[in-house]
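For the sequence shown, position 78 (counting from the first letter as 1) is numbered 78 according to our numbering, and the numbering increases by one without interruption. Quick reminder that beta carbons are idealized off the backbone N, C-alpha and C, glycines included.
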Amino acid sequence: MMNTYFIKLDMSMDTSGVFTDPAALRCNGEYLRQQKYGVALLRKKSFSSVPNRSYVAADKDAERLIAQLPQRLLNIEMPKVWVLDMQAPAHEPEVMLAPHVDGVRVTAINIYSNTNGERTCFYTYAAGGEIQEVGSFVAKDGDIWLMDVSKPHAVELKPGKNRRVLTLSFITTPFDVVRKVLSCLPS
Ligand SMILES: [Fe+2]
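This is the structure in structure tokens:
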């Protein structure tokens, strides 16, 4: 059955030389406030949550990355290029980027280069407040995953390990549209 939340893309991107140090990038936003999805999961399991900070990539890095995507995708929407940064404290055994939906984008292409075995989880959420995990993946270095970030999702972090991800953000183009365009790529 086709997964409707995330898919590993059969492609690679050259990220060599892309600058990702948050200290020298413009901060785009910091998301910590617990959404209802995180509150619902806290009823089922105990965890502490860390903020997700996003930063705007330098123009030249963004241009070089975007140029590697098919033109027919760029004709639909030119994605934004951000760096996500999550810092997991060493003393918390169960630490997560808590379940949430992204407020500012609907679809993301994540390009992973510094993974530590973190698990990205997706959930369904019922009106009564019941949350249910429906799937997950563990990305490896070099992987590129497409995700529907309008659906509740979370990341189980590794204590003491910081996570930094390059992410291409589609503000308005739904997951299915991006998936169909990219699935036509030659393998
Ligand atoms: Fe997210």
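Distance from the Cα of F6 is smallest, within the candidate group L84, V155, S136 and A88, for S136. Unbroken beta strand (DSSP E) stretches of 3 residues or longer found wholly inside the stretch 152-183: 153-156 and 162-170, given in chain order. Around T124, the same chain offers Q132 and V134 as residues with beta carbons nearer than 7 Å, after the five sequence neighbours per side are excluded. Looking at the backbone, the Cα of Y37 and that of C184 are separated by about 34 Å.
Taking non-hydrogen atoms of ligand 1 into account, the C-beta of V149 is found less than 6 Å away from one of them.
When I171, I111, Y55 and V155 are compared, the shortest CA-CA separation from P22 is found for Y55. Taking C-beta separations shorter than 6 Å and ignoring five residues to either side along the sequence, the partners of Q35 in its chain run H100, following chain order.
When the alpha-carbon of L168 is set against those of M78, N28 and G29, the nearest one is in M78.
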